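Report on the following structure.
Protein chains in written order, with the working numbering: chain H, 1 to 648; chain A, 1001 to 1140; chain U, 2001 to 2343; chain L, 3001 to 3346.
Right under this line is the structure:
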């Protein structure tokens, strides 16, 4: 019979105050197979660890149970101690008698009884643990960054500058994301394009970065250190190497469609360059608007293209890449128009969202930086800004705060005043959230220097009347009804995960929270990791955030990825699924439930890819024949734990 | 005077959410009755119906299976399989006449120490009037 | 009504053509009314085949034997086995296909439609005949059976002696077949869970009393498990020793066999057995009713399966045995699966 | 001792036996089984045959041998558990089932006396009920040296004479059952005796099923160990345990420890019926199973009953109750199998 040692920690009085540790140690000493049982004031201290090490050596212990705090805290400490005494790390189990016992109970007798059961249960488990060594796998020292906004650009540059190859995939024709659409950025009011374009250029010139725009990730397989990615490269029908950006094609193109870069405030041709500084600098033929790729259908653009850059025969292409880590920076979209009909958005031309207003303010925008009403191109004299449109509204819209709207609305009001000196800006708000370096001062500046009028309250009605947009609301501070005859209304609509993020998350097998933002592995301690190892998150894909935060997270994610890529081999937890081939009938139910595609059928039996398996055990509960189980938490172990927990 | 009946409860807690939530209850020094012995499993999706039946067979007065909220599963979707499986087991146990209060499932996130505390308090309160579970307990 | 001669003709043709290695069908027994499973190996033996309302057996079970036999043979005959199936039995085939236990090429399916009727419950018939010994039973054109006893012919309304499962049948006609005999007619069933609902509607205390009495009777002959086409595991979780052992099986693996329940046929252990059985059949049971038919103690086991069948339908809109491509009940989920029971 | 008892007086007789635990057939749903009777009016002898034979009372499906628990560091405390010795009587025992007990008596009372069996066996009195109409269409007692009014193994035999029972006691135990209710019994008239004879002659004729050439079978079986007959006959076998568990003569058992607590160790050592039709019956811990397929298990059942047992005890280990035939889920018929054995060539 295996020789087990039990070590019960007092944790000062944290445990010993409620659990009679002496009694517990005595009871455990009687337990079958326990040849050593002692208690000590701080097991995690050096002397405490030495007790364990000495006992393992002297009493020739096969395994140990440490009854102490939660395994999330000191499991590694004690497993390392066990290892240094010459036993396998998995021959050490933790019985959590602090967080799940001494700290939540008062009655000493009952708490002691419970602590004894918890510890015995750990003894029954550890006695049946297999000694395992981490699974080692080689690392493909390249990374994939999905999304070419500021976060993706930053991650890609950080990785590339550290010497690792990066594949940067962006689904639109140019990188730059939403940031390239902005006019100025808070709280410094520097020009967004001016600070972003150098980075974009760096990306395009970087020898370590393989930029794939107009491309989408189709399929991801493999595991940390060894992902295989299939990327769909959509045809642009323009050879970027030949294109001279002469713009002749777009001049002859008969098709006019809404320009997404200006959020519909302007139009563009079917063959177009998204914006002058686009990277890669080339034209793209958008076949959605194009009358046809055959010369008989139209063919005007090809006719005028002197360098013969236009190639109607270009086909979609699937590119396969192998990478060791993946950073997902898919960003955000604004809350759909349809959801915001109550504010007349989409119905009245002069009700705009924040990004449209950015374009109006932008020197490269449709009005060349003049703020004019889209309806009649007149300068608006009264502008109402409304915050929290769709955010912080659990009943009807999004429950969360979109975080950046307070700041950009202050900026919008300020920019408006800078353009229209005799205009008046009103801001309807619930509260002002301006945490951040220089943020509060920025808001104060808007009020004090630019005379922005902040109205605390909600807007009840917006309607058009004689060329004005009537805004009815309440100022909850004064209790007065407010009616403004506005020339323009700007809505700070909620930030949503970008369209397609859900589909991508499913392909990547990373979790999403209830709002559709990608889930980090731990809200505090692992904020840039996803739950799938080797995949990291940055930017607004994870939660609403502003540029500095997105950049910081992007660099953080890059650093995490580098931590993987800089190693020769990776180690994977060996507590993975194991198949009893004698029992397996090959029904494939486990294959269906595996969240990681770690299981597959081969010759009528299931096979485990140990590197993909995360050891969740869903397969084991699904299998009708107990043919698959997770090492070191097998049904037998659980069975024994159940028995002992119930006193037998 | 006879001692008050103290139900024995086995709680299968998933490592990442419910067990962490239970840890949080401890860290926050909340108090709840000591009737529950927790068994940490990797995922609620790994809780086999056999575990539940076995716990009742070995004399549990109540069984709790607790996992991450939908969408929060550390293993992406294990809790969805658990939800289906446990629904079936629960219906079946109700059908054979086991008191429905005896078998519970909950979603407890790592941040929900308070919720975990409340669930245990309620569970113990609901089990007390029922007395010991003898229906499925082994009568060997 | 399926003509026996048509069945024989089909069987004869495939045997003569060498399309199948043998046919599993129903054969007259030397003793009385109930047929026996027949294994027809040559065209001459086809004459043994019968088709009567007493053809109760779900013959798909014998595919399990066939698969085991084949796996032991060095040079197995790769031809399919011919199999006579009723509607319900065909659904079992669908589940076996879904679970990849068999390949579609392993079996040549001779479907026989029950049309407007079904098969008898022998116990009901015996009761109805009050001691007269039935020698022969035939389908009538209408909703009757013609029973020949020592004292002559009796006409009995089918509804009086039909098996309960036939009265609640969801597939009178095979859902998968290579040859279909008879019409694809479907008897309209008002409520496939009628008999179950009587038990469901009892108060908790009564339900417990019912099941306690019923399951306490069980002697664990395992006939319910043995007859079930879905119980094809080499080793059952209810078994207390390892069956599926090879030379490679280590002592440790053998020692790890879990006793989820004891061999003693006492109430508590019987409950574990029957509940596990029911759970393991959730989304797989196709209600052929064989488990209940064979129970020597007349335990209404079918209700346990029926209950889960109903729940699967109600909660997850899942029905077993119609689509071999669908993922199984417990290896799939929907985002909107109910969770009102979760705290 | 020969008596007659008015049917109306029968409950009163049962009432007089208050010092006994009384078993009688009870119907639940469609199934008859022997149960303990608390109300004598409840006893109904108008039954076909029970699903389980009275074997289940004397040789119960689960028997505790001993209880053990870890007492202290020295080791185990072991407590023998013996059946309670209480006089009991079983009414309505069919002659075939009573004969079956004489066969299990030989097994449990051979070189080794099984104390658990005999504690109960010695205390039980068997009151038989003659089969004037066969209780099952598959009765074949005549083929295996039995008869519908065999007294073998019985203490008392009751025979139905319409409004009364003809009651014969063959043993002291039997007489002791009648003595406390002496006044209820009357001596039989000649008419009664004549009617009894007539009934018995008729009864034999009513048994329609029989084994051909039963005498030839034991020697014939000797050469049939490797016969392909077993494969053919077992094709439809499902490997369930019905034929064997319901057989009044089958007596195999298994011994297991039921552990209630692994630490400190406590539990019971129990025996349960075992079943040669189950694959685990002959399973070796090595994984080797000498009776791999169902053919070898059918062969075992037949050979044990009609060869090995005959060689050892000079009796067939079968009393023709027909349960295995009636209850077989796939209609495997022991009579047909034996007839095929008789006519088997090759």
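Quick reminder that beta carbons are idealized off the backbone N, C-alpha and C, glycines included.
Nothing here was measured: the structure is a model prediction, and the numbers come from that model.
Within 8 Å of any Cβ in chain A, is that where the Cβ of residue i sits?
{"i": "residue 2330 of chain U", "result": "yes"}
{"i": "residue 2333 of chain U", "result": "yes"}
{"i": "residue 3258 of chain L", "result": "yes"}
Flag this pair as yes or no: are the beta carbons of residue i and residue j separated by less than 8 Å?
{"i": "residue 2111 of chain U", "j": "residue 2085 of chain U", "result": "yes"}
{"i": "residue 2117 of chain U", "j": "residue 2171 of chain U", "result": "no"}
{"i": "residue 2260 of chain U", "j": "residue 1054 of chain A", "result": "yes"}
{"i": "residue 2113 of chain U", "j": "residue 2015 of chain U", "result": "no"}
{"i": "residue 486 of chain H", "j": "residue 384 of chain H", "result": "yes"}
{"i": "residue 106 of chain H", "j": "residue 1004 of chain A", "result": "no"}
{"i": "residue 3119 of chain L", "j": "residue 3076 of chain L", "result": "no"}
{"i": "residue 1127 of chain A", "j": "residue 1062 of chain A", "result": "yes"}
{"i": "residue 121 of chain H", "j": "residue 600 of chain H", "result": "no"}
{"i": "residue 1145 of chain A", "j": "residue 2205 of chain U", "result": "Nothing in the structure corresponds to residue 1145 of chain A, since chain A is present only between 1001 and 1140."}
With 16 other CB atoms within 10 Å as the buried threshold, where does residue i fall?
{"i": "residue 621 of chain H", "result": "buried"}
{"i": "residue 245 of chain H", "result": "exposed"}
{"i": "residue 3168 of chain L", "result": "buried"}
{"i": "residue 2251 of chain U", "result": "exposed"}
{"i": "residue 3225 of chain L", "result": "exposed"}
{"i": "residue 1081 of chain A", "result": "buried"}
{"i": "residue 3367 of chain L", "result": "Missing from the structure shown is residue 3367 of chain L; chain L here goes from 3001 to 3346 and no further."}
{"i": "residue 3333 of chain L", "result": "buried"}
{"i": "residue 2274 of chain U", "result": "buried"}
{"i": "residue 1001 of chain A", "result": "Any reading at residue 1001 of chain A must be qualified, since the residue scores a pLDDT of 48, below 50, and its modelled position is unreliable; no value is offered."}
{"i": "residue 125 of chain H", "result": "buried"}
{"i": "residue 571 of chain H", "result": "exposed"}
Taking Cβ positions only, does residue i come closer than 8 Å to chain U?
{"i": "residue 3307 of chain L", "result": "no"}
{"i": "residue 3341 of chain L", "result": "no"}
Could you work out which residue in the options is closest to residue i when comparing CA atoms only?
{"i": "residue 3022 of chain L", "options": "L:3036, L:3232, L:3054 and L:3337", "result": "L:3036"}
{"i": "residue 507 of chain H", "options": "H:28, H:84, H:123 and H:227", "result": "H:227"}
{"i": "residue 400 of chain H", "options": "H:308, H:495 and H:152", "result": "H:495"}
{"i": "residue 402 of chain H", "options": "H:515, H:207, H:232 and H:625", "result": "H:515"}
{"i": "residue 428 of chain H", "options": "H:355, H:458 and H:541", "result": "H:458"}
How about residue i: is its C-beta nearer than 8 Å to some C-beta of chain H?
{"i": "residue 2322 of chain U", "result": "no"}
{"i": "residue 2233 of chain U", "result": "yes"}
{"i": "residue 1087 of chain A", "result": "no"}
{"i": "residue 2161 of chain U", "result": "no"}
For chain L, find out if any of its Cβ atoms is closer than 8 Å to the Cβ of residue i; answer yes or no.
{"i": "residue 1014 of chain A", "result": "no"}
{"i": "residue 1001 of chain A", "result": "Because residue 1001 of chain A carries a pLDDT of 48, less than 50, the predicted location of this residue cannot be relied on, and no value is offered for it."}
{"i": "residue 1137 of chain A", "result": "no"}
{"i": "residue 1024 of chain A", "result": "no"}
{"i": "residue 2085 of chain U", "result": "no"}
{"i": "residue 2037 of chain U", "result": "yes"}
Requested in this report: Pull out every residue of the region 3307-3338 of chain L whose Cβ sits closer than 8 Å to any Cβ of chain U, in chain order.
Outcome: 3325, 3327, 3329, 3330, 3331, 3332, 3333, 3335 and 3336
Query raised in the report: Which residues, in order along the region 28-41 of chain H, keep a beta-carbon less than 9 Å from a beta-carbon of chain L?
Result: 30, 31, 32, 33 and 34
Query raised in the report: Using Cβ-Cβ distances below 8 Å, what residues of the region 84-105 of chain H are close to chain L?
Result: none
Query - Members of the region 2010-2032 of chain U near chain L, C-beta cut-off 7 Å - result: 2029, 2030, 2031 and 2032
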